[in-house]
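Report on the structure given below.
Protein chains: 2
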Amino acid sequence: MATDRRKMIVEAAGKSFSMFGYKATTMDQVAKLAGVGKGTIYTFFKNKEELFEEIVSSLLKEMKAEAEAVIQPELPFAENVHRALYRLLEFRSHHQLMIKLIQEEKEMGTLAVSEMLQHIESEIIAYLKEKMKAAIAKGAIPAFDPEITSFLLFKMYIALVFDWEKNHEPLSSERIAEIMKALLLKGLSQ
Amino acid sequence: MATDRRKMIVEAAGKSFSMFGYKATTMDQVAKLAGVGKGTIYTFFKNKEELFEEIVSSLLKEMKAEAEAVIQPELPFAENVHRALYRLLEFRSHHQLMIKLIQEEKEMGTLAVSEMLQHIESEIIAYLKEKMKAAIAKGAIPAFDPEITSFLLFKMYIALVFDWEKNHEPLSSERIAEIMKALLLKGLSQ
DNA sequence: AATTGACCAAAAAACTAAAATGGTCAATAA
DNA sequence: TTATTGACCATTTTAGTTTTTTGGTCAATT
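Structure representation (C-alpha cells):
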C-alpha cells in the first residue's frame, strides 16, 4: 500500500540522516533501507531536499507537541520554560538528528544543512516569541522586546546543551532546565 | 633600534591578521609591511603562531585594561557589566580581529584560529568568573555556579554581538549593554 | 652583532582522472 | 491501467598528481 511505502521511506531517511547526516545519506541507501526501489522515493518526494524537509518538519511538529503537552498557562513563565525544556531534553532521538546536523554544518558546511538549521532556529524562536508575547500581555513577565529575548533564550539553550560539553562534563537535563529557570526567574540581582 | 623593529612587526602583523585573517597572512607580507627582512621577524618570534599569540594576548590585555578602567566595585554587578560591555563594544579595532577570526574559523576551520578563539573564550570567562566570585562573596549577586554563569554571560554577549546581525539589523553598543543589564538585573520574573 | 633575502622542505592550491550520486524513465510487475 | 523498479546518464564529489606558495633557515652582508 502507498501509505506504508511512504512511511517506510520516511523512517529509513530519518534514521539515516540521524546516523550519517545529510551529505552522507544517499538515496540508494535510503531506498535499500526502506526496502523500495529508488524510483519510488521520487513518487513521494520531489528530491532529496524535500525528503529532508519532511523529516525536519515532522521533528519540529513533534517537539511542539511535546512542549504543548507539559505547558500549563496558569503556571509562571519560567516554570513552563523549565518543564518544556526538560521534556524536550529527554527525547534523545530528537537530539540525535540535531547533533548530527550541527556537527555536519561545522565540519563540512553543507549548504542544505545550514539552511535547515537556520529554519529550525527561526521556527523555535518564533514559537518562543508567541509564548512570550502572551505572557507579556498577561503581565506575567516584563515587556522586553520578545524578538530579542526569545533569540537569547534559544542561544542560551544551545550553549548549555551543545557548547558546554565541549570543555566540561555534560549537564543533566534537570540541571539545564534548573539553570535556565533560575536565571530567568531572578536574573543576577540582589 | 631593536625595539622599534619589533614594534613595526607587531603592528604590521596586527593589521594583517585583522584584515586577512591568520591563514591569508604570510610572513613575507608581514615583513614587507613592517619594512624589515623576513629573517628579522624570526629573531623576535619563534614562528608564525607565536607572533599570532603576541597579537592576541596584547588584545586581551587591552580589553582587560579597558574593563578595569570603567568598573567601580561599589556599583551593582549588572551596572558594571553594562559599563564594561559598552566600553569594550566601542573599540571597533578589537572587534575587527575577532570578527575576522570568527569568520575564518567558520569558513576555513583553520586549526590555529580555533585554538586561539578557544583560548580567548576561556580567558574572558575566567575573568568574568573572578569578578562574579567576588560579587557573590560580597553578597551582591545570588550564589549560582560562577563557572556556568560566566559561561552563559559570555555566550549571550557573543550571540548579541556576532549572531544577531546574521538575521537582523545590528544592535547598537548601548542597546546590547542595556539588554544584558536588564536581563541580569531582573531576569524575566514578575 | 644585527639584518637580510635566496634557498629549501613541506604544505597548499590547481588540475585532472576516476568514482559516486541524484534524478529520470522505459521496462516490468501488480 | 497503474505502481514500482533499477539500469542509465549528467553532474558532482573524491582521489591522485603536479605545480605553486609559504614558513622557516642560514650563509652572506651590513
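Residue numbers (this note's numbering), protein chains in the order written: chain A, 1 to 190; chain B, 1001 to 1190.
Backbone N, C-alpha and C fix where the C-beta goes; we use that ideal spot for every residue, glycine too.
From a predicted model like this one, the values you see are computed outputs, not experimental measurements.
For MET8 of chain A, none of the residues of chain B pass the 8 Å Cβ criterion, the least Cβ distance being about 37 Å. A Cβ-Cβ contact shorter than 9 Å links MET98 of chain A with PHE162 of chain A. Under the three-state reduction of DSSP, LEU1088 of chain B is assigned to helix.
Per the coordinates, the alpha-carbon of HIS95 of chain A lies some 42 Å from the alpha-carbon of ALA1013 of chain B. MET1156 of chain B reaches chain A at LEU152, LYS155, MET156, ALA159, counting residues in chain order whose Cβ is nearer than 9 Å. Inter-segment contact for the segment 1124 to 1136 of chain B and the segment 1145 to 1164 of chain B is present: three or more beta-carbon pairs are separated by less than 8 Å. Under the Cβ distance rule, HIS1082 of chain B does not count among the residues neighbouring chain A, no pair being separated by less than 9 Å. In terms of beta-carbon proximity, ALA1134 of chain B stays away from the interface with chain A, with every pair separated by 9 Å or more.
The Cβ of LYS106 of chain A sits closer than 9 Å to at least one Cβ of chain B.
Distance from the CA atom of GLU104 of chain A to the CA atom of VAL1036 of chain B, rounded to whole angstroms, is 43 Å. At least 9 Å separates the beta-carbon of ILE9 of chain A from that of PHE52 of chain A. LEU51 of chain A sits in a helix when the DSSP states are folded into three classes. ASP163, TRP164, ILE179, ALA182, LEU183: these are the residues of the segment 163 to 183 of chain A whose beta carbon lies less than 7 Å from some beta carbon of chain B, given in chain order.
For SER1122 of chain B, at least one C-beta of chain A is nearer than 9 Å to its own C-beta. For SER172 of chain A, the three-state secondary structure derived from DSSP is coil.
Where ASP1028 of chain B is concerned, the enclosing alpha helix (DSSP H) starts and stops at 1027 to 1034. GLU165 of chain A: not part of any alpha helix (DSSP H); DSSP gives it neither H nor E. Secondary structure remark: continuous alpha helix (DSSP H) runs of at least 4 residues inside the segment 110 to 166 of chain A, in chain order: 111 to 137, 146 to 158. Of all residues in the segment 1016 to 1050 of chain B, none comes within less than 8 Å of chain A when Cβ atoms are compared. When A:MET19, A:ASP4, A:TYR127, A:GLU79 are compared, the shortest CA-CA separation from LEU60 of chain A is found for A:TYR127. LYS166 of chain A counts as exposed, since fewer than 16 other C-beta atoms from the protein chains shown sit within 10 angstroms of its C-beta. Judged by pairs of C-beta atoms under 8 Å, the segment 170 to 189 of chain A touches the segment 71 to 90 of chain A, as three or more such pairs exist. In its chain, beyond the 5 residues on either side, VAL1056 have a beta carbon closer than 6 Å to the beta carbon of MET1116 of chain B. The alpha-carbon of ASN1047 of chain B is positioned some 38 Å away from that of SER1172 of chain B. About 7 Å separates the Cβ atoms of LYS155 of chain A and MET1156 of chain B, confirming a contact at the 8 Å cut-off. Among the residues facing chain B, ALA67 of chain A is not included, as its CB has no counterpart in that chain under 9 Å away. Look at the segment 1135 to 1147 of chain B: the residues with a C-beta under 9 Å from a C-beta of chain A are ALA1135, GLY1139, ALA1140, ILE1141, PRO1142, PHE1144, ASP1145, GLU1147.
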